[in-house]
Amino acid sequence: MVKAKKLLLKYANVFSANEADIGKTGLVQHKINTGQELPIRQRPRRLPVAREKEVETMIEGMVKDGVIEPSSSPWCSPVVLVKKKDGSMRFCVDYRRLNDVTKKDS
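Numbering (our numbering), first residue to last: 2 to 107.
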């Protein structure tokens, strides 16, 4: 048990401390190859007023944590809130239309 603990402490920097630091890197610029497709701009889905505030708070938190950044892209996909088992909401984006036009690498 002590050996495992030492190993975990030695490599503590490879583990996530919170939701905000999962999968982030500044080493590369991400690009999605859509070929010659025109940008898809979907309308936002309607949300109850209380949920709109919740989405704003989630977005502000993700901007603050560096997970997302402001953009002026012509592409736009709708936000979807999905209820988790514990009753809280999960922030998701419906990228199905974008996925349909994305050129696959393999």
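A virtual CB, placed ideally from N, CA and C, is assigned to each residue, including glycine.
At least 8 Å separates the beta-carbon of Arg47 from that of Cys77.
Between Val56 and Val80, the beta carbon gap of about 6 Å places them in contact (Cβ cut-off 8 Å).
Taking the Cα positions, Arg52 is about 15 Å away from Gly62. Residue state for Met90 is assigned as strand, using DSSP reduced to three classes. Distances from the alpha-carbon of Asp106 to those of Met59, Gly36, Lys54, Ala18 put Gly36 closest.
Val50 has no beta-bridge partner at all, per DSSP. Following the DSSP letters along the chain, one finds Leu8 inside the alpha helix (DSSP H) bounded by residues 3 to 11. Note on geometry: alpha-carbon atoms of Pro75 and Gly88 lie some 34 Å from one another.
Bounds of the alpha helix (DSSP H) holding Val102 are 97 to 102.
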